[in-house]
């Protein structure tokens, strides 16, 4: 979907992004994680050309992004920023309709798209469409920001610290919503954050940035098992890496054949949650049930612990 | 209990001054013709006994409300009643003093009348401030005021009043000068908007330009109006002499041309400065989001920045309009016309009534424009930003 090919950005003598290459697959969530000043936001903004690369090129679906007028390119790419950036003088519906209007959609199509998106983000269309941003809570504003970015059905969504302004409980809900939305619309997401937990929770792939360079990129489990750089290891932390690893795998994925005598757990629960349940109940094994409540297999403590080992 | 009896401070001052005005100051001055000094009369001495008693009773009613009522509505009602009574009293005084059929004799409002009017107006505005009416209510109040005044004038209630005598003589010219006055004020505003809008946007975009331009405009603002008219006479006269086209367009050293140019120059600073402030207040994240969604620079300006800056920009326009309506009066000095012509003619002829014929409409128009624009600005500025 996106190929970032030896891209650098310099401001005068300062190199903000230094020879970064990265491949982002279609329908996946790629999280770029790093501390402030690591160049992650600049890298993200080079994808929709809010920042022009000094060197290198960025291919979107095989085509060089530099070939297209920037404002036309941006209309095809969803963009969500921290603190939502909603237009305070426009209603929720008008905010969401921004890009479709720029693209010249007819009014009926825009109206039905706005209704669909509000409903998809748990905002009752009848009561929210005509509200103004200042009448919404922080979590609602953030959801409207996501709805606005998805309005013109972009194949690609860029998110810059989208949940940074939310309190922890609302942030968890927003992260779940994003995963659900991404699955529903099949959008490719590139998300920038400084929160490593958020990166592991959301990312199919995680790229760790520092001082303008990508130190390591890969699946979360790869980063946990084999950090390529001391800085990556430090960012991830070593004290609970086994448990982090367990939280990346679901019970359904790890289930063994047969049934067990202990408690029943959902296939969507993570191994970390299953282990916690077994410790709590003093049981050796659990039966895994699918969403419909049918047994699909079993798990025992030994099998779970094996999944948390470094190799 | 004592708390309840303690009178309102503003009310105390205003009823005190009202009492002085009512009892000792001349309410009206009767003149047998335009120039003579005239004979002062107190209100209670001019009116027939029943009318005088009615006035006194009304004054006591207003005074009680102003002193002891804490209900803003009641205070406003009392003040409006007082103003209506005042209008009625001066009309009654005119009738009592002017011999029937006399078209030359006139009654001028005296210092007592003005003091009462100011006191009542202050009680009324104080009450309106306390009531915090919504924009639509303020406009409605203004409309009622205008309707009442126009009605009274149309009915000829004040025809024997000195200013109306002057108006009767100058009616045709009054309309012409009024039209000229508005044309000068609005025309220079329109020209200033055409120039100040792009300049304001440039100043917002290019910080290095800002200090220089605002400094220059500030400097213009410090030149006294009369001096600026004088300074402009020379180049404009030279332009008219050098270019027949310019002369054919009506450009000359005196008259409307230097007036419009001077007002235009004075109008630039408030508009440019408010434009810079307004655009500077626009949330950077809204602009970033607009850019990130693929709006062009022009679309960002037209759909995000200008709409969000509009209340502040309109505040600048309001300042300019009220300022221009006042400044046009001075432009009459260099032959630009407008209501100021009556003022200077009146000063020249020592005819204070003529001065008032020029002054009062200017005050009324400025007041009306300020109320209307304030209401409009508040209506569009309901979104916090």
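Protein chains in written order, with our numbering: chain H, 837 to 1147; chain V, 2 to 386.
Quick reminder that beta carbons are idealized off the backbone N, C-alpha and C, glycines included.
7 Å Cβ cut-off: residues of chain V touching residue i
| i | result |
| --- | --- |
| residue 1167 of chain H | Here chain H comprises residues numbered 837 to 1147, so residue 1167 of chain H is not present and cannot be evaluated. |
| residue 886 of chain H | 292, 293 |
| residue 980 of chain H | Near residue 980 of chain H there are no residues of chain V at all, since even the closest Cβ is about 11 Å away, more than 7 Å. |
| residue 934 of chain H | 294 |
| residue 908 of chain H | 295 |
| residue 847 of chain H | Under the 7 Å cutoff, chain V gives no residues; its nearest Cβ is about 18 Å from residue 847 of chain H. |
Beta-carbon proximity check, residue i vs residue j, cutoff 8 Å
| i | j | result |
| --- | --- | --- |
| residue 1051 of chain H | residue 1064 of chain H | yes |
| residue 1135 of chain H | residue 1108 of chain H | no |
| residue 197 of chain V | residue 276 of chain V | yes |
| residue 851 of chain H | residue 1048 of chain H | yes |
| residue 124 of chain V | residue 76 of chain V | yes |
| residue 954 of chain H | residue 965 of chain H | yes |
| residue 1179 of chain H | residue 914 of chain H | The structure shown does not extend to residue 1179 of chain H, since chain H is modelled only from 837 to 1147, so the question has no answer here. |
| residue 935 of chain H | residue 911 of chain H | yes |
| residue 1028 of chain H | residue 980 of chain H | no |
| residue 375 of chain V | residue 167 of chain V | no |
| residue 327 of chain V | residue 261 of chain V | no |
| residue 1086 of chain H | residue 1106 of chain H | yes |
| residue 380 of chain V | residue 136 of chain V | yes |
| residue 330 of chain V | residue 344 of chain V | yes |
| residue 865 of chain H | residue 1025 of chain H | yes |
| residue 98 of chain V | residue 29 of chain V | yes |
| residue 337 of chain V | residue 212 of chain V | no |
| residue 848 of chain H | residue 1045 of chain H | no |
| residue 983 of chain H | residue 932 of chain H | yes |
| residue 313 of chain V | residue 370 of chain V | no |
| residue 109 of chain V | residue 100 of chain V | no |
| residue 859 of chain H | residue 309 of chain V | no |
Closest residue to residue i among the options (Cα-Cα distance)
| i | options | result |
| --- | --- | --- |
| residue 1001 of chain H | H/844, H/992, H/1016, H/1031 | H/1031 |
| residue 231 of chain V | V/245, V/213, V/216, V/259 | V/259 |
| residue 315 of chain V | V/43, V/217, V/373, V/91 | V/373 |
| residue 339 of chain V | V/99, V/325, V/117, V/222 | V/325 |
| residue 237 of chain V | V/98, V/381, V/254 | V/254 |
| residue 1115 of chain H | H/1019, H/972, H/1098 | H/1098 |
| residue 162 of chain V | V/70, V/35, V/317 | V/35 |
| residue 80 of chain V | V/106, V/105, V/43, V/128 | V/128 |
| residue 887 of chain H | H/871, H/1056, H/846, H/1023 | H/846 |
| residue 43 of chain V | V/84, V/69, V/13, V/93 | V/93 |
| residue 977 of chain H | H/1084, H/921, H/1036 | H/921 |
| residue 1193 of chain H | H/994, H/1084, H/1006, H/945 | Any question about residue 1193 of chain H goes unanswered here, given that chain H covers just 837 to 1147. |
| residue 333 of chain V | V/170, V/107, V/226, V/50 | V/226 |
| residue 120 of chain V | V/130, V/158, V/222, V/64 | V/64 |
| residue 1093 of chain H | H/995, H/853, H/1131, H/959 | H/1131 |
| residue 16 of chain V | V/68, V/289, V/51 | V/68 |
| residue 1067 of chain H | H/874, H/858, H/856, H/854 | H/874 |
| residue 84 of chain V | V/96, V/60, V/362 | V/60 |
Any non-hydrogen atom of the ligand GDP closer than 7 Å to residue i Cβ
| i | result |
| --- | --- |
| residue 857 of chain H | What this structure holds is no ligand at all, so the ligand GDP is not there to describe. |
Neighbouring residues, chain V, relative to residue i (Cβ below 8 Å)
| i | result |
| --- | --- |
| residue 1030 of chain H | Correct list: empty, because the minimum Cβ distance to chain V is about 18 Å. |
| residue 919 of chain H | 286 |
| residue 911 of chain H | 294, 295 |
| residue 938 of chain H | 294, 295, 296, 300 |
Listed by chain order, chain H residues near residue i by CB distance under 9 Å
| i | result |
| --- | --- |
| residue 316 of chain V | In chain order: nothing, as chain H lies at least about 16 Å away. |
| residue 309 of chain V | 923, 924, 925 |
Chain-ordered neighbours of residue i on chain H, where CB pairs are closer than 8 Å
| i | result |
| --- | --- |
| residue 302 of chain V | Neighbours of residue 302 of chain V on chain H: none; closest Cβ ~13 Å, over 8 Å. |
Residue i: contacting residues in chain V (beta-carbon distance under 9 Å)
| i | result |
| --- | --- |
| residue 1014 of chain H | Here the premise fails: no neighbours, minimum Cβ distance about 18 Å. |
Whole beta strand (DSSP E) elements within the segment 1006 to 1054 of chain H, 3-residue minimum
As far as the segment 1006 to 1054 of chain H is concerned, its whole beta strand (DSSP E) runs of at least 3 residues are 1024 to 1029, 1041 to 1046, 1049 to 1054.
What are the uninterrupted segments assigned as alpha helix (DSSP H) that are 4 or more residues long and contained completely in the segment 89 to 177 of chain V, given in chain order?
For the segment 89 to 177 of chain V, whole alpha helix (DSSP H) runs of length 4 or above, ordered along the chain, are 112 to 132, 136 to 155.
Just list the alpha helix (DSSP H) runs in the segment 924 to 998 of chain H, keeping only unbroken ones of 4 residues or longer that don't cross its boundaries, in chain order.
Fully enclosed alpha helix (DSSP H) runs of no fewer than 4 residues occupy 928 to 932, 934 to 938, 943 to 956, 961 to 964, 974 to 986 of the segment 924 to 998 of chain H, in order along the chain.
Completely contained alpha helix (DSSP H) runs for the segment 15 to 62 of chain V, where each covers 4 or more residues:
The segment 15 to 62 of chain V contains these whole alpha helix (DSSP H) runs: 44 to 47.
Whether or not the segment 292 to 302 of chain V and the segment 261 to 269 of chain V are in contact is what I'm after, with contact meaning three or more pairs of Cβ atoms, one per stretch, closer than 8 Å; do they touch?
No: the two stretches stay apart, fewer than three of their Cβ pairs being nearer than 8 Å.
For the 8 Å Cβ check, are there 3 or more pairs between the segment 18 to 27 of chain V and the segment 112 to 124 of chain V?
Three or more beta-carbon pairs drawn from the segment 18 to 27 of chain V and the segment 112 to 124 of chain V are found closer than 8 Å, and the two stretches are therefore classed as touching.
Quick check: the segment 837 to 855 of chain H against the segment 890 to 908 of chain H, are there 3 or more CB pairs under 8 Å?
Contact between the segment 837 to 855 of chain H and the segment 890 to 908 of chain H is present, because at least three Cβ pairs lie under 8 Å.
Ignoring anything shorter than 4 residues or poking outside the segment 849 to 902 of chain H, list the alpha helix (DSSP H) runs there in chain order.
The qualifying runs are 876 to 883.
Only counting runs of 3 or more residues, tell me where the beta strand (DSSP E) segments fall wholly within the segment 1098 to 1127 of chain H, in order along the chain.
Scanning the segment 1098 to 1127 of chain H from its first residue to its last, the whole beta strand (DSSP E) runs of 3-plus residues come out as 1100 to 1102, 1121 to 1125.
Would you check if there are 3 or more beta carbon pairs closer than 8 Å linking the segment 936 to 947 of chain H to the segment 1011 to 1018 of chain H?
Here the segment 936 to 947 of chain H does not lie against the segment 1011 to 1018 of chain H, with fewer than 3 beta-carbon pairs under 8 Å apart.
Enumerate, from N- to C-terminal direction, the unbroken alpha helix (DSSP H) stretches of 4 or more residues contained entirely within the segment 256 to 308 of chain V.
Qualifying alpha helix (DSSP H) stretches, in chain order: 257 to 282, 285 to 293, 298 to 301.
Taking only runs of the beta strand (DSSP E) that begin and end inside the segment 326 to 363 of chain V, which ones reach a length of at least 3 residues, in chain order?
Complete beta strand (DSSP E) runs here, min 3: none at all.
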